[in-house]
Structure formats: C-alpha cells, structure tokens
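K.L.:
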Amino acid sequence: GQNIDQPTEMTATEGAIVQINCTYQTSGFNGLFWYQQHAGEAPTFLSYNVLDGLEEKGRFSSFLSRSKGYSYLLLKELQMKDSASYLCAVRDNGRKLIFGQGTELSVKP
Amino acid sequence: DSGVTQTPKHLITATGQRVTLRCSPRSGDLSVYWYQQSLDQGLQFLIQYYNGEERAKGNILERFSAQQFPDLHSELNLSSLELGDSALYFCASSETSGGGETQYFGPGTRLLVL
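If you're matching them up, the sequences are chains E and C in order.
In this text, residue positions in the first sequence follow my numbering: the first is 989, and each later residue adds one.
In this text, residue positions in the second sequence follow my numbering: the first is 2, and each later residue adds one.
(1) Going along chain E, which residues have a C-beta under 9 Å from C:Q104?
(2) Counting pairs of beta carbons, one from the stretch 12-27 of chain C and one from the stretch 1018-1036 of chain E, are three or more of them closer than 8 Å?
(3) Figure out for me which residue from E:Q990, E:T1032, E:A1004 has the closest Cα to the Cα of E:S1094.
(4) Using only alpha-carbon positions, find the residue among C:C92, C:Q104, C:S87, C:I48 that is nearest to C:Q42.
(5) Please name the residue, chosen from C:G4, C:T21, C:L89, that lies closest to E:A1027 on a Cα-to-Cα basis.
(6) Beta-carbon of E:F1087 versus every beta-carbon of chain C: anything under 8 Å?
(7) So which of C:E54, C:H74, C:L115 has the shortest CA-CA distance to C:Q107?
(8) Would the stretch 999-1014 of chain E count as touching the stretch 1063-1070 of chain E if we require 3 or more Cβ pairs under 8 Å?
(9) Name the DSSP beta bridge partners of E:R1083, please?
(10) Would E:R1083 pass as an interface residue toward chain C - the criterion being a Cβ-Cβ separation below 8 Å?
(11) From C:N60 to E:E1044, what does the alpha carbon distance come to, in whole angstroms?
(12) Based on the DSSP output, what are the partners of C:Q38 in its beta bridges?
(13) Please report the distance separating the alpha-carbon of C:I48 from that of E:L1075.
(14) Could you list which residues in chain C have their beta carbon closer than 9 Å to that of E:L1093, in chain order?
(15) Chain E partners of C:G85, CB-CB under 9 Å?
(16) Just to check my reading of the structure: E:Q994 and E:G1088 have Cβ atoms closer than 8 Å, yes? What is that Cβ distance to the nearest angstrom?
(17) Tell me the DSSP secondary structure of C:L115 in three-state form.
(18) Report all residues from its chain with a CB closer than 6 Å to the CB of C:E63; omit the five preceding and five following residues, and keep chain order.
(19) Any beta carbon of chain C sitting closer than 8 Å to that of E:L1075?
(20) Looking at chain E, is there any beta carbon in it that lies within less than 8 Å of the beta carbon of C:R64?
So, in structure tokens, the structure goes:
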C-alpha cells in the first residue's frame, strides 16, 4: 500500500533548529512536497523535491533521498509564528498526491 | 490572500442531499486541485484538472464529481451526502500541471452534514 509517515508532534525552542522527518512508500515517485498549515487556515506550499539533495529557501530547507524513501524539512532560527502543522506529500506515478497525517510543531519561548 | 476564491465559505445540509462547491483559480493558472480535510483523515487529494481536462485522480468517491469549465473555474459536486462527508474542502490552483510549481490554496469551504 501507499504510506507516508511523519511524527505526530514536535516541540522546539525559539531560535533553535528543528528537523521534521518524512518516510514514504508509494507506487512510484514523482516529487515530494512540504506544506505548512496554521490552525484554521489553508495550507501553504513550502517546498518541492524531485531529485536527491537539499533545496534551500531562506530559513527552510528540504532534503530528499529517493533510494531511502526519506525526506526532511529543516527549519532554522525558529520563530513563534512557525508553530503550525507541517504536511509531507508524495506524488506517485499516477500523479496522485498522498499526504502524511502532518507534524504539529510547537515553538516555545 | 492567495488569489484563489471558494464559495460558499460555510455550508450546512442534511444527509442524502447534494451540494456544489465552487472554485475560481488565480488569474492565469490552468490547474485546479480539490482536497478534503477532516479531523480523522487529514488532508486528502481528491482530483486535479488542467485546462478543462482531468489530470489526476485521488481518493474521490463515486458520489463526488468535479469539472473545470472553459473559463477555468471548477465545481465539486457532492451527492447522497453522508455524515462522514463533513469536512473542510480546499481548492488550489497552479500555473501548469505539475512539476513542482507552487500550489495556491483557497480559504476552503466548511461542509457540515447533519
């Protein structure tokens, strides 16, 4: 079956670095997405990886290893506003997007 | 404001009924995606249209259907509604059919089936 796993919740301190992991098993692979979703709001696209390696976008970076079925989202210089749910999603060979359950990140002062 | 509009914002209806959710993509975007988000299932991809044609299909029930019109707006039709269909329904749009282009999400339609 198709499966995306990510931790349910994480806590980190303001100013620190946090890494949110995502592992996947899907029918083929056509890219991996990370989204941020604040409570009661729509998701916001953060990043896309289709080749192995690190993609950096300001304070956010995303890494992909296709051979390991693994990705992580790295958030640096954490701010209180980074408290949100982070969703990992994989596009399979049929172009279907499969989402993980999301990781609830709490940033503490 | 993402530029994607969805109507209505809230919808309350009864089991067995049929509703239509509407989405207008950002100007210039050709792709529209529909998602369902419920507390127990998380975010689920339903279907994608690109320039009027179905592009990808996710976990969309047979009771649900969608289409994209020539002006690129899209409608999601939900019929024979059940209590479990209560959820937040998001529409998103992107410039092309994917790749890794940014998807812009609308504010969502909150559906409550009683």
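We put the CB at the ideal spot given by N, CA and C, even for glycine.
Nothing here was measured: the structure is a model prediction, and the numbers come from that model.
P.N.:
The relevant details are as follows:
(1) F1021, Y1023, P1031, F1033
(2) The stretch 12-27 of chain C and the stretch 1018-1036 of chain E do not touch, with fewer than 3 CB-CB distances between them shorter than 8 Å.
(3) E:A1004
(4) C:S87
(5) With distances taken between Cα atoms, E:A1027 lies closest to C:L89.
(6) yes
(7) First, the amino acid is wrong: residue 107 of chain C is Gly here, not Gln. That would be C:H74, whose Cα lies nearest to the Cα of C:G107.
(8) yes
(9) For E:R1083, no pairing in a beta bridge is given by DSSP.
(10) yes
(11) 32 Å
(12) C:L44, C:L89
(13) 18 Å
(14) Here the premise fails: no neighbours, minimum Cβ distance about 16 Å.
(15) Near C:G85 there are no residues of chain E at all, since even the closest Cβ is about 18 Å away, more than 9 Å.
(16) 4 Å
(17) coil
(18) none
(19) yes
(20) no
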